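Visitor: In this note's numbering, the protein residues as written are 16 to 220. Would you mind keeping the following structure in view while I ask a few things?
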Amino acid sequence: MVFARDTSQDDIKQGIDMLTRQLEPMDYHVAVGMSYRTQNMNTEEMVREAEIRMYEAKAQYYQAKETKKALSDNDNRYVHTKTGILEIDTMISVMKEKYNGIYRVDLDTNKAHRILMPAYLGYNESEEHFSALLTKYIDDSVAPEFHRAIMSFLNYDALKRQLLEGKTPRTTYRKTNGDTVVLSVYKLCNEESAVNNTLWIFARD
């Protein structure tokens with residue numbers, strides 16, 4: 016933990032960048048979080064804020080490392096979110112044996128948070144829209160006779176109605192490699208009216 020006074024934010028960032036660059040050739044990697052203030056100098060708040068940013072930096076490092084590895088491997092590899100927390104990362108790694116993909120999807124914005132996804136979809140952080148990812152997956156990997164059934168899940172208004180009725184939208188389909196997969200959509204929020212926050216699970220049958 017370092018406290019710096021009478022120092023600009025840019026100078027501190029440059030110091031952090033210099034430290035990380037000097038360590039990388041020795042195969043050491045550090046996660047650093049910074050809190051910078053010009054007023055309200057509550058040290059406890061600043062330490063908490065810096066710690067949160069440190070964990071965010073750590074998660075980003077592991078995510079980038081996993082993405083690079085997955086894209087260089089064969090098509091049967093999977094990209095999954097790395098948190099930097101051993102227990103959670105181990106659990107997600109084990110889940111790859113059962114699940115074809117897991118996503119948290121906001122039906123109002125069509126934005127997805129990838130928890131587990133096939134590497135052959137092309138992991139691209141700039142692609143936020145879940146409908147684009149799902150359409151690519153259908154075109155690349157799903158047997159043609161099942162395309163319409165899965166595409167119907169992109170009718171988010173219909174999904175919301177089913178979730179409001181307490182139902183779990185679900186369909187079973189076959190991939191071009193012969194695998195059978197069950198797609199299920201769950202509501203994440205306990206509030207009855209909040210059906211936009213969903214979890215999409217692609218489970219091997």
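Positions of the beta carbon are idealized from the N, C-alpha and C atoms, including for glycine. Quantities reported herein were computed from a predicted structural model and do not represent experimental measurements.
According to DSSP, is Met61 part of a helix, a strand, or is it coil?
Guide: Counting from 1 along the sequence shown, the entry for residue 61 is found at position 46. In this structure, DSSP gives Met61 a helical state, which the three-state scheme calls helix.
Visitor: If you draw a straight line from the C-alpha of Gly116 to the C-alpha of Met33, how long is it?
Guide: As a position in the sequence shown, residue 116 is number 101, starting the count at 1. As a position in the sequence shown, residue 33 is number 18, starting the count at 1. Straight-line Cα distance between these residues: approximately 38 Å.
Visitor: Which residues bound the alpha helix (DSSP H) around Arg176?
Guide: Mapped onto the sequence shown, residue 176 falls at position 161. Note, Arg176: alpha helix (DSSP H), 171-179.
Visitor: Whole angstroms is fine: what's the gap from Asn91's alpha carbon to Leu179's?
Guide: Taking the first residue of the sequence shown as position 1, residue 91 is located at position 76. Taking the first residue of the sequence shown as position 1, residue 179 is located at position 164. Any reading at Asn91 must be qualified, since the residue scores a pLDDT of 47, below 50, and its modelled position is unreliable; the value itself is stated next. Approximately 36 Å between the Cα atoms of the pair.
Visitor: Would you please state the rounded distance, in angstroms, between the beta carbons of Ser126 and Phe145? I believe it to be under 8 Å.
Guide: Indexing the sequence shown from 1 puts residue 126 at position 111. Indexing the sequence shown from 1 puts residue 145 at position 130. Residue identity check: residue 126 is Lys in the sequence provided, not Ser. In this structure Lys126 touches Phe145 by the C-beta definition: roughly 7 Å separates them, less than 8 Å.
Visitor: Determine the direct distance from the alpha carbon of Thr195 to that of Thr187, and round the result to whole angstroms.
Guide: As a working note, residue 187 is residue 172 in the sequence shown. As a working note, residue 195 is residue 180 in the sequence shown. Roughly 7 Å between the two C-alpha positions.
Visitor: Throw me the rounded Cβ distance for the Arg189 and Phe161 pair, which I believe falls under 8 Å.
Guide: The residue labelled residue 189 in the question sits at position 174 within the sequence shown. The residue labelled residue 161 in the question sits at position 146 within the sequence shown. Indeed they touch by this definition, with Cβ atoms about 6 Å apart.
Visitor: Please go through the same chain and pick out, in chain order, the residues whose beta-carbon is closer than 8 Å to the beta-carbon of Thr35, but skip the five residues on each side of it.
Guide: The residue labelled residue 35 in the question sits at position 20 within the sequence shown. Answer for Thr35: His44, Val45, Val47, listed in chain order.
Visitor: Kindly identify the DSSP beta-bridge partner or partners of Ser146.
Guide: Indexing the sequence shown from 1 puts residue 146 at position 131. Answer by DSSP bridge pairing: none, since Ser146 is not bridged.
Visitor: Reducing DSSP to helix, strand and coil, say where Leu131 ends up.
Guide: For the purposes of this step, residue 131 is taken as the residue at position 116 of the sequence shown. Strand at Leu131.
Visitor: Flag this pair as yes or no: are the beta carbons of Asp121 and Asn211 separated by less than 9 Å?
Guide: As a first step, residue 121 must be located in the sequence shown, where it is residue number 106. As a first step, residue 211 must be located in the sequence shown, where it is residue number 196. Yes, Cβ-Cβ distance for Asp121 and Asn211 is below 9 Å.
Visitor: For Val17, which option in Ser199, Gln37, Thr58, Met41 has the closest C-alpha, if you only look at C-alpha atoms?
Guide: On the sequence shown, residue 17 is found 2 positions in, with the first residue counted as 1. It is Thr58.
Visitor: Nearest to Gly193 by alpha carbon, out of Val157, Arg52, Ser167?
Guide: As a working note, residue 193 is residue 178 in the sequence shown. Measuring from the Cα of Gly193, the nearest candidate turns out to be Val157.
Visitor: Do you know offhand how far Glu143's Cα is from Leu149's?
Guide: Sequence index remark: in the sequence shown, residue 143 carries index 128 (1-based). Sequence index remark: in the sequence shown, residue 149 carries index 134 (1-based). Going by the C-alpha atoms only, they are around 11 Å apart.
Visitor: In or out: Met132 buried (at least 16 other Cβ within 10 Å) or exposed?
Guide: Sequence index remark: in the sequence shown, residue 132 carries index 117 (1-based). Classification for Met132: buried.
Visitor: Nearest to Asp26 by CA position, among Ile216, Gln75, Met49, Thr213, is which residue?
Guide: Working through the sequence shown from its first residue, we reach residue 26 at position 11. Checked all of Ile216, Gln75, Met49, Thr213; the closest Cα to Asp26 is Met49.
Visitor: Starting from Leu38, trace the alpha helix (DSSP H) in both directions and tell me its first and last residue.
Guide: Residue 38 sits at position 23 when you count from the first residue of the sequence shown. Per DSSP, Leu38 belongs to the alpha helix (DSSP H) from 24-38.
Visitor: Return the chain-ordered list of same chain residues with a C-beta closer than 8 Å to the C-beta of Lys113, the five sequence neighbours on each side being excluded.
Guide: For the purposes of this step, residue 113 is identified with residue 98 of the sequence shown, where counting begins at 1. If we look at Lys113 and ignore the five residues flanking it on each side, its Cβ neighbours are Ala218, Arg219.
Visitor: Can you tell me which of Glu60, Met41, Ile165 puts its alpha carbon nearest to the alpha carbon of Ser199?
Guide: Looking up residue 199 in the sequence shown gives position 184. If we check each option's Cα against that of Ser199, Ile165 comes out closest.
Visitor: Pop quiz: Arg52 and Met61 are said to be a contact at Cβ under 8 Å. What is the actual Cβ separation, rounded to whole angstroms?
Guide: Within the sequence shown, numbered from 1, the residue matching residue 52 stands at position 37. Within the sequence shown, numbered from 1, the residue matching residue 61 stands at position 46. The Cβ separation is near 6 Å, so the contact holds.
Visitor: With a Cβ-Cβ cutoff of 9 Å, do Tyr201 and Thr183 count as a contact?
Guide: If you number the sequence shown from 1, residue 201 lands on position 186. If you number the sequence shown from 1, residue 183 lands on position 168. Cβ atoms of Tyr201 and Thr183: closer than 9 Å.
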